[in-house]
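In what follows, a single structure is set out as structure tokens and then discussed.
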Amino acid sequence: MSVAIKAENLTKRYGDLVAVDHINFEVQKGEIFGFLGPNGAGKSTTTRMLIGISIPTEGTAQVMGFDIRRQSVRAKELMGIVTDVSNVYTQLTAWQNLIFTGKLYDIPKSERESRAKELLQLFGLFERRNDNVEGFSKGMRRRLCIAMALMNKSSILFLDEPTVGLDVQSSLIIRNLVKKLNSEGLTVFVTTHNMEEANQMCDRVAIINNGKIEAIDTPEMLKSAIKKLQVIEVSFVGSNGDLTSELKKIQEVTDVTKNGDKYRLNTENVPQALSNVWGFSKKKGLTINTLNTLSPTLEDVFVELTGIQPEIRPPKTQRGQD
Ligand SMILES: Nc1ncnc2c1ncn2[C@@H]1O[C@H](COP(=O)(O)OP(=O)(O)OP(=O)(O)O)[C@@H](O)[C@H]1O
Ligand SMILES: [Mg+2]
Numbered sequence: 047m048s049v050a051i052k053a054e055n056l057t058k059r060y061g062d063l064v065a066v067d068h069i070n071f072e073v074q075k076g077e078i079f080g081f082l083g084p085n086g087a088g089k090s091t092t093t094r095m096l097i098g099i100s101i102p103t104e105g106t107a108q109v110m111g112f113d114i115r116r117q118s119v120r121a122k123e124l125m126g127i128v129t130d131v132s133n134v135y136t137q138l139t140a141w142q143n144l145i146f147t148g149k150l151y152d153i154p155k156s157e158r159e160s161r162a163k164e165l166l167q168l169f170g171l172f173e174r175r176n177d178n179v180e181g182f183s184k185g186m187r188r189r190l191c192i193a194m195a196l197m198n199k200s201s202i203l204f205l206d207e208p209t210v211g212l213d214v215q216s217s218l219i220i221r222n223l224v225k226k227l228n229s230e231g232l233t234v235f236v237t238t239h240n241m242e243e244a245n246q247m248c249d250r251v252a253i254i255n256n257g258k259i260e261a262i263d264t265p266e267m268l269k270s271a272i273k274k275l276q277v278i279e280v281s282f283v284g285s286n287g288d289l290t291s292e293l294k295k296i297q298e299v300t301d302v303t304k305n306g307d308k309y310r311l312n313t314e315n316v317p318q319a320l321s322n323v324w325g326f327s328k329k330k331g332l333t334i335n336t337l338n339t340l341s342p343t344l345e346d347v348f349v350e351l352t353g354i355q356p357e358i359r360p361p362k363t364q365r366g367q368d
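Position 135 of the sequence shown, counting from 1, maps to 181 under the numbering used here, and the rest follow consecutively.
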């Protein structure tokens with residue numbers, strides 16, 4: 047069996063609000079699978095259903111072959127969970143937090159101590175193991191949370207916004223750790239609203255908006271699927287007036303915008319458009335100063351698919367009871 051997560055018509059309603067709307071997807075074992083979407087898209091709600099703390103209104107899912115409703119205990123044994131709220135005990139030391147977690151999982155004493163030591167070393171916290179977590183930075187707390195989630199030798203790790211609120215360096219440390227753990231066989235389901243994070247970490251990404259999945263693919267395929275977003279940027283030597291309307295007449299160029307001394311030309315056929323721009327400059331006696339092709343970013347894909355700028359959707363309702 048190579049499927050780690052299989053969601054079928056998974057749905058969550060809160061009153062009239064459909065927070066997660068009949069979503070279907072599969073995550074393969076060994077993948078880092080990203081759920082990318084703006085605030086309120088339904089990422090945490092999906093995660094909470096998959097980890098068994100929120101009951102689906104409709105639909106079903108299996109995690110590691112176990113049904114999340116009927117076999118949630120079996121499924122949970124294989125899960126490491128890092129939710130969007132930090133669950134470290136600040137009055138305890140890093141060591142005590144890990145040992146306490148080990149006890150919760152019923153791990154025998156010697157094993158939990160060796161596991162705690164191993165994880166503290168891996169997460170760069172061993173030197174600080176006897177310090178109270180109260181004095182830890184956000185990044186250190188987040189690392190400790192992930193270490194705690196791995197105490198039970200999980201085979202699938204759920205991470206809800208692992209780097210939100212962290213600086214660049216702490217985020218990088220966490221991403222690299224996750225990638226290292228993944229290379230050793232851990233399957234990872236990660237939610238993020240950070241395009242760059244999804245781009246850097248994930249083997250495949252589902253773009254979720256308004257509770258619906260808009261697209262699922264590798265970051266590169268998502269980018270190349272948006273062919274019409276391919277852009278050529280050109281500038282010419284000297285001032286030649288506004289060339290926008292003339293550039294628009296070039297074959298294979300679908301649109302032109304002027305940005306300062308540069309023109310951005312949209313095209314669905316970069317090689318042909320490049321050659322045509324070259325021909326245009328010769329014919330007009332213009333000298334090309336700079337010529338670049340710009341690939342779409344995951345952010346471009348996101349905006350194209352959802353029709354919205356990331357991060358601007360206000361929450362629809364106040365949080366209530368589950
Ligand atoms: N317990 C709840 N009661 C009522 N509405 C809820 C509850 N939990 C979530 N919602 C609503 O469901 C929608 C999806 O919320 P969710 O937390 O899953 O979004 P998200 O994608 O994780 O967003 P964020 O990026 O802000 O974490 C939102 O409109 C939210 O207000
Ligand atoms: Mg969330």
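All C-beta atoms, glycine included, are put in the ideal place defined by N, C-alpha and C.
Alpha-carbon to alpha-carbon, residue j and residue i
i: P361; j: S90; result: For P361, the pLDDT reaches just 44, beneath the cut-off of 50, and the residue's location in the model is therefore unreliable, although a value from the coordinates is still provided. Near 13 Å, if we compare the C-alpha coordinates of S90 and P361.
i: L196; j: E157; result: 13 Å
i: A140; j: N178; result: 7 Å
i: F348; j: H68; result: 20 Å
i: P154; j: L63; result: 45 Å
i: T363; j: V134; result: For T363, the predicted model reports a pLDDT of 45, less than 50, meaning its position is unreliable; a value from the coordinates is still stated below. Spanning the two alpha carbons is a distance of roughly 28 Å.
i: M186; j: L171; result: 8 Å
i: P356; j: T343; result: With a pLDDT of 44 at P356, under the threshold of 50, the predicted position of this residue should be treated as unreliable, though the coordinate-derived value follows. If I take the Cα positions, the gap works out to 13 Å.
i: A244; j: K329; result: 44 Å
i: G325; j: I97; result: 59 Å
i: T313; j: A162; result: 54 Å
i: K269; j: L150; result: 43 Å
i: M125; j: L311; result: 48 Å
i: G366; j: A87; result: Note that G366 scores 44 on pLDDT, short of 50, meaning its location in the model is unreliable; the coordinates nonetheless yield the value given after this. G366 and A87: Cα-Cα distance of roughly 16 Å.
i: L320; j: D346; result: 21 Å
i: N143; j: A261; result: 39 Å
i: E298; j: A271; result: 18 Å
i: N41; j: F182; result: Residue 41 falls outside the range modelled here, since the chain spans only 47 to 368, and no answer is possible.
i: I358; j: L351; result: Here the model assigns I358 a pLDDT of 40, short of 50, so the residue's position is not dependable and the matter cannot be decided.
i: L138; j: T147; result: 12 Å
i: V236; j: R94; result: 12 Å
i: L56; j: N255; result: 15 Å
i: I202; j: I220; result: 16 Å
i: G353; j: E180; result: 42 Å
i: N327; j: T333; result: Here the sequence assigns Ser to residue 327, which means Asn is not the residue at that position. Straight-line Cα distance between these residues: approximately 6 Å.
i: F169; j: E54; result: 35 Å
i: Y309; j: Q318; result: 17 Å
i: K58; j: V210; result: 24 Å
i: K184; j: C191; result: 10 Å
Best match in the options for proximity to residue i [C-alpha to C-alpha]
i: N240; options: E207, S216, N222; result: E207
i: G284; options: V214, T264, F81, G331; result: G331
i: S217; options: R189, N198, N315; result: R189
i: A65; options: P102, G306, Q246, L227; result: P102
i: N222; options: Q246, A87, K199, S100; result: Q246
i: Y60; options: G306, K269, G257; result: G257
i: V131; options: F204, M267, Q215, Q276; result: F204
i: I253; options: T300, P84, K58; result: P84
i: D307; options: S200, R175, N335, N322; result: N335
i: P265; options: E54, L82, N55, T57; result: L82
i: S200; options: L212, G231, G211; result: G231
i: I278; options: V316, R94, E54, N305; result: V316
i: D263; options: E77, T57, L56; result: E77
i: E164; options: L227, L289, Q117; result: L227
i: S160; options: G105, G211, E242, A193; result: A193
i: N305; options: E173, D288, T209; result: D288
i: K122; options: L166, I99, T136, S341; result: I99
i: S118; options: T106, Q276, Y309; result: T106
i: N198; options: I145, S291, R250, Q167; result: I145
DSSP beta-bridge partners of residue i
i: S160; result: For S160, which the question treats as bridged, DSSP gives no partner whatsoever.
i: N245; result: Answer is none; N245 lacks a bridge partner.
i: A261; result: I253
i: S217; result: BP columns for S217 are empty, so no partner.
i: E279; result: R310, N338
i: D301; result: N312
i: Q167; result: None, per the DSSP bridge assignment.
Residue i: CB within 7 Å of a non-hydrogen atom of ligand 4
i: G80; result: What this structure holds is ligand 1 and ligand 2, not ligand 4.
### Message
Within 8 Å, do at least three Cβ pairs link the stretch 67–83 to the stretch 50–59?
### Response
Yes: at least three Cβ pairs fall under 8 Å.
### Query
Just the residues with CB closer than 7 Å to a heavy atom of ligand 2, in chain order, which are they?
Cβ atoms closer than 7 Å to ligand 2 belong to K89, S90, D130, D206, E207, T237.
### Message
For the stretch 280–298 against the stretch 111–131, do three or more pairs of beta-carbon atoms, one drawn from each stretch, fall closer than 8 Å, so that the two count as touching?
### Response
At 8 Å Cβ cutoff, the stretches do not touch.
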